[in-house]
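S.K.:
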Amino acid sequence: MEFAFTEREEMLRKAVREFAESEIPPKMEKMEETGEFPVELMKPMAQVGITGIITPPEFGGVGMGYLARNIVLEELGRVCAAFPMSMQVHHMACAALSDFGTDEQKKKYLPPLAAGETFGTVGVTDPAGGSDVIGMKCTAELKGDTYIINGRKCFITNSHLSDFWIMVAKTGEGAKGLSAFIIDKGTPGAKLGRKENKFGLRGANTGEWVFDNCEVPKKNLLGAEGQGLTVGLKTISETGRTGMAAVGLGILQAVYEEAAKFANERVLYGKPIATLQAIQFHMAEIYTQLDICRLLNYRVNWMKDQNMRCDTETSMAKYYTCNAAVEAAKKAIEIHGSYGIMREYAIQRLFRDAMVTVPAGGTAEIAKAGIGRTALAPFKK
Ligand SMILES: Cc1cc2nc3c(=O)[nH]c(=O)nc-3n(C[C@H](O)[C@H](O)[C@H](O)COP(=O)(O)OP(=O)(O)OC[C@H]3O[C@@H](n4cnc5c(N)ncnc54)[C@H](O)[C@@H]3O)c2cc1C
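Numbering (our numbering), first residue to last: 43 to 423.
1) Can the beta-carbon of residue 138 be found closer than 9 angstroms to that of residue 273?
2) Would you mind sorting residue 131 into buried or exposed? The rule is 16 or more other CB atoms within 10 Å of its CB.
3) May I ask which residues mark the beginning and end of the alpha helix (DSSP H) holding residue 339?
4) CA-CA distance, residue 212 and residue 195?
5) Quick check on DSSP: helix, strand or coil for residue 240?
6) Hey, is the region 280–296 in contact with the region 148–163, meaning 3+ C-beta pairs nearer than 8 angstroms?
7) Under 8 angstroms from any heavy atom of ligand 1, does the C-beta of residue 403 make it?
8) Let me check you understand the geometry: is the CB of residue 392 closer than 8 angstroms to at least one non-hydrogen atom of ligand 1?
9) Does the distance from the C-beta atom of residue 415 to that of residue 243 stay below 9 angstroms?
10) Return yes when at least one heavy atom of ligand 1 lies under 8 angstroms from the C-beta of residue 173, else no.
11) Secondary structure at residue 283, three-state DSSP: helix, strand or coil?
12) If contact is defined by three or more beta carbon pairs under 8 angstroms, each pair taking one atom from either stretch, is the region 99–119 in contact with the region 243–252?
13) Out of curiosity, what's the CA-to-CA distance linking residue 95 and residue 386?
14) Helix, strand or coil for residue 293? Go by DSSP, reduced to three states.
15) Measure how close the beta-carbons of residue 256 and residue 232 come, nearest whole angstrom, since I'm counting them as under 8 angstroms.
16) Around the Cβ of residue 126, are there at least 16 other Cβ atoms within 10 angstroms (buried) or fewer (exposed)?
17) Please go through the same chain and pick out, in chain order, the residues whose beta-carbon is closer than 8 angstroms to the beta-carbon of residue 133, but skip the five residues on each side of it.
18) To the nearest angstrom, how far is it from the Cα of residue 241 to the Cα of residue 52?
19) Say yes only if the C-beta of residue 129 is nearer than 8 angstroms to one or more non-hydrogen atoms of ligand 1, and no if none qualify.
20) For residue 374 and residue 156, what's the separation of their Cα atoms in angstroms?
21) Please determine, among 61, 167 and 100, the residue with the shortest C-alpha to C-alpha distance to residue 120.
22) Roughly how far, in whole angstroms, is the beta-carbon of residue 197 from the beta-carbon of residue 167, given that I think they are within contact range, below 8 angstroms?
23) Please report the straight-line C-alpha distance between residue 141 and residue 276, rounded to a whole angstrom.
24) Between residue 165 and ligand 1, is there a pair consisting of the residue's CB and a ligand heavy atom that are separated by less than 8 angstroms?
25) Quick one: give me the first and last residue of the beta strand (DSSP E) that residue 254 is part of.
26) Do residue 225 and residue 209 have their CB atoms nearer than 9 angstroms?
27) What beta strand (DSSP E) runs, 3 residues minimum, are completely inside the region 175–209?
28) Among the residues of its own chain, which have a CB less than 6 angstroms from the CB of residue 357, if the five just before and after it don't count?
29) Take residue 264 as the anchor and find which of 77, 334, 294 and 148 has the nearest alpha-carbon.
30) Taking the alpha carbon of residue 404 as the reference point, which residue from 324, 123 and 353 has its own alpha carbon closest?
31) Buried or exposed: which applies to residue 346, given that a residue is buried once 16 or more other Cβ atoms fall within 10 Å of its Cβ?
32) Could you compute how far the alpha carbon of residue 177 sits from the alpha carbon of residue 398?
33) Counting C-beta neighbours from all protein chains within 10 Å, is the total for residue 44 16 or more, i.e. buried, or is it exposed?
34) Whole alpha helix (DSSP H) runs in the region 80–142 with 4 or more residues, listed along the chain?
35) Short of 6 angstroms in beta carbon distance, which residues of its chain neighbour residue 262, apart from the five on each side in sequence? Order them along the chain.
36) Less than 9 angstroms between the C-beta atoms of residue 306 and residue 246, yes or no?
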């Protein structure tokens, strides 16, 4: 068993850290205030390899895979979690196109995604079907060579930023009754709905799409008709959940750093509070959780890079890391005393950001339901 990164991966981490530490902080106050993502950083991110990290080189990407992607997302999240949130969904679109797109679709959509010229976005959730994906109400009815799409998609990351949308709609009943589509922005009947005003991950754009007799040519199916559940679930599970886990990991690293700095700076009884055993115990818990989560994350991404089946490991990494980030942030706020709830201190933002990672990409209950089935299977009578 080897725990070392390659030289190329170490260089990537260094480059992303330098980018994140220099380019992101000047943007953060405005992002918090307005909820807008700084789109002008997309091309600089492309130059570092962030936007095309999992896209094959033949389509303009870096093709370094999922462990490298984890490094990218973790390093961005250490500085501002809205960045890896936006980028991880961007990568979901890249993965869906790479896995299910025709050659023509890959050639059209993947290079601009890798170059940071547009945002990737994938809309599966609709108001009627959150965790219950098959319960969605958004429909696509085939008339001649055109699908007519009606309904809404909600809570979609990068919803208002992209030039094309990947979405899933009902073309029939049950598990085989869903299909995925690519919809170019500006297609008549495809409209932007509300932009959400979230309390955390504020700079990541989340919003709604409305389809009102939207006419989409048959050639815009992504995968075959009836394959939408597979497109959606594979993309959410393998790319979305590993992505959200990495967002949680970046937040956890930031929480650790903020708590350790504060504990060493805050002086009480003539000494830093870091000398108090109670504070050391809090720090020990945060530090251990960080290590557990890092191991869970690196393992699952390594498995994905080896083409191993890893849906249970993905669910474990996602729910455990996002919950650990919330719990660590709460503990770190306690370490800060009343300073922890003041806007000037980063720790309150980290807590808000961590909370938003919990439902995104699938709730803890949904993750645990799958993990529980795997845990029980070997002893099933
Ligand atoms: C910041 C953010 C970004 C997002 N980005 C995207 C995106 O880009 N694309 C996209 O398609 N979606 C996106 N989502 C939507 C997200 O995937 C859904 O919110 C999530 O799947 C949960 O659906 P829901 O909110 O409708 O909750 P519901 O499904 O209504 O769940 C409500 C509660 O019931 C529980 N529950 C539901 N079913 C079960 C069950 N079988 N067993 C036990 N408990 C259950 C849930 O765990 C939860 O506690 C995003 C969400 C957020 C917050």
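Backbone N, C-alpha and C define an ideal beta-carbon position, used for all residues, glycine too.
Only a predicted model underlies this, so the values are computations on that prediction, with no experimental measurement involved.
M.R.: With the structure as the only source:
1) yes
2) buried
3) 319–347
4) 12 angstroms
5) Correct three-state label for residue 240: coil.
6) no
7) yes
8) no
9) no
10) Answer for residue 173: yes, Cβ within range of ligand 1.
11) helix
12) no
13) Computed Cα separation, rounded: 34 angstroms.
14) The answer is helix: DSSP assigns residue 293 an H, G or I state.
15) About 5 angstroms separates the CB atoms of residue 256 and residue 232; that is less than 8 angstroms, so the two are in contact.
16) buried
17) 95, 96, 111, 162, 281 and 285
18) Taking C-alpha positions only, residue 241 is separated from residue 52 by approximately 34 angstroms.
19) no
20) When rounded, the distance between both Cα atoms is 37 angstroms.
21) Nearest of 61, 167 and 100 to residue 120, Cα basis: 61.
22) 5 angstroms
23) Residue 141 and residue 276: Cα-Cα distance of roughly 9 angstroms.
24) For ligand 1, a non-hydrogen atom lies closer than 8 angstroms to the CB of residue 165.
25) 248–259
26) yes
27) 181–185 and 188–199
28) 409, 412 and 413
29) 148
30) 353
31) buried
32) 23 angstroms
33) exposed
34) 84–90, 108–121 and 124–142
35) Only 223 and 224 meet the Cβ criterion.
36) no
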